[in-house]
Amino acid sequence: MTKEEVFKELESYGNKGTKNVLVKHGAREPFYGVKVQDLKKIVRKIKKDYQLSLELYDSGNSDAMYLAGLIADEKMMTKADLQKWVKGAYWYMISEYTVPWIAAESQFGFELALEWIESKQENTAAAGWSTLSSLVALKPDEELDIELLKRLLLRVEKNIHTSSNRVKYTMNGFVISLGAYVAELTNLSMKIAKKIGKVDVYMGKTSCKVPFAPEYLQKIIDKGRVGKKKKTARC
């Protein structure tokens, strides 16, 4: 499909109710308000297309940017591509999902995640923590630097409550992801989650809530899902 053909489909799937909800969460014009399940109908036609994903992301249209992440070819994405994407990720659906998913599946995941978490730009730092969350969910434990992850966990414990809004949210997600996907660090993650306690994040004019990490982790433990890795970061 061409960019123009994709945009015709996006427009046809536009939903006013979805658009209104996404605006409350941070999306801005121009976009149509396409539901994720409808975006996936387009994905089935395209599969993966590196060049098209770049064109869609560059459009600045939120629906197209999210779709770009679903069709991106992680093996062809360059470091420069990912750096450009993180700079253009103006709201959390892109900065905390689209960009981190592809970064984590690429060969540059850890390198970029560790760079991004040092950024003073909120969305970039949040993208870094989200990338780390996806990486520990994807990579076999033997490919992970456990000592580095422990240090990052302790860093979260120390800094989470004084960090910027979306960084707090993604740090909290990192604690959950680490405890859920790396069995060796489940107990430490739970211990730190309890020390951290409730994380206050401004969620705008929405009904969204911040997951309470100890409770969330306990449910994963009780269901026997600890250490069960994901095949892909995207959803």
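836 is the number that my numbering gives the last residue of the sequence shown; the numbers go up by one with no jumps. Built from N, CA and C at the ideal position, the CB exists for glycine as well. Computed from a predicted structure; not experimentally measured.
Whether residue i touches residue j by CB criterion (8 angstroms)
| i | j | result |
| --- | --- | --- |
| Asn-662 | Glu-723 | no |
| Asn-616 | Gly-634 | yes |
| Pro-701 | Ser-731 | yes |
| Ala-705 | Leu-736 | yes |
| Leu-683 | Leu-640 | no |
| Asp-664 | Phe-632 | yes |
| Lys-769 | Ile-761 | yes |
| Trp-686 | Tyr-658 | yes |
| Thr-771 | Ile-822 | no |
Closest by C-alpha distance to residue i, when choosing among the options
| i | options | result |
| --- | --- | --- |
| Glu-656 | Ile-643, Phe-608, Ile-695 | Phe-608 |
| Ile-777 | Ala-690, Tyr-817, Lys-830 | Tyr-817 |
| Asp-746 | Val-757, Leu-733, Glu-758 | Leu-733 |
| Gly-689 | Ser-660, Ile-703, Leu-671 | Ser-660 |
| Met-791 | Cys-809, Thr-807, Asp-801, Phe-813 | Phe-813 |
| Glu-719 | Glu-706, Arg-756, Val-637, Lys-649 | Arg-756 |
| Leu-754 | Val-737, Ile-793, Asp-823 | Ile-793 |
| Gly-825 | Val-783, Arg-835, Leu-789, Asp-801 | Val-783 |
| Gly-710 | Arg-645, Lys-676, Lys-721 | Lys-676 |
Terminal residues of the alpha helix (DSSP H) in which residue i lies
| i | result |
| --- | --- |
| Pro-815 | 814 to 823 |
| Val-802 | Taken as a continuous stretch (DSSP letters only), Val-802 belongs to no alpha helix (DSSP H), as it is neither H nor E. |
| Asp-682 | 680 to 689 |
| Thr-578 | Limits of the chain in this structure are 602 at one end and 836 at the other, which puts residue 578 out of reach. |
Nearest-angstrom Cβ-Cβ length linking residue i and residue j, presumed shorter than 8 angstroms
| i | j | result |
| --- | --- | --- |
| Leu-739 | Lys-830 | 6 angstroms |
| Ile-696 | Ala-728 | Sequence inspection shows Ser at residue 696; the Ile mentioned does not correspond to that position. Ser-696 to Ala-728, Cβ: 5 angstroms. Contact. |
| Lys-806 | Lys-625 | 5 angstroms |
| Val-827 | Asn-773 | Not confirmed; about 18 angstroms, so no contact. |
| Met-602 | Ile-647 | 6 angstroms |
beta-carbon residue i near the ligand FAD non-hydrogen atom, thresh 7 angstroms
| i | result |
| --- | --- |
| Arg-756 | Ligands displayed in this structure: none; no statement on the ligand FAD is therefore possible. |
Q: Entirely within the segment 604 to 670 and at least 4 residues each: give me those alpha helix (DSSP H) ranges in chain order.
A: 604 to 614, 617 to 626, 637 to 647, 651 to 659
Q.
Going residue by residue through the segment 699 to 771, where are the continuous beta strand (DSSP E) segments of at least 3 residues, counting only ones entirely within it?
A. none
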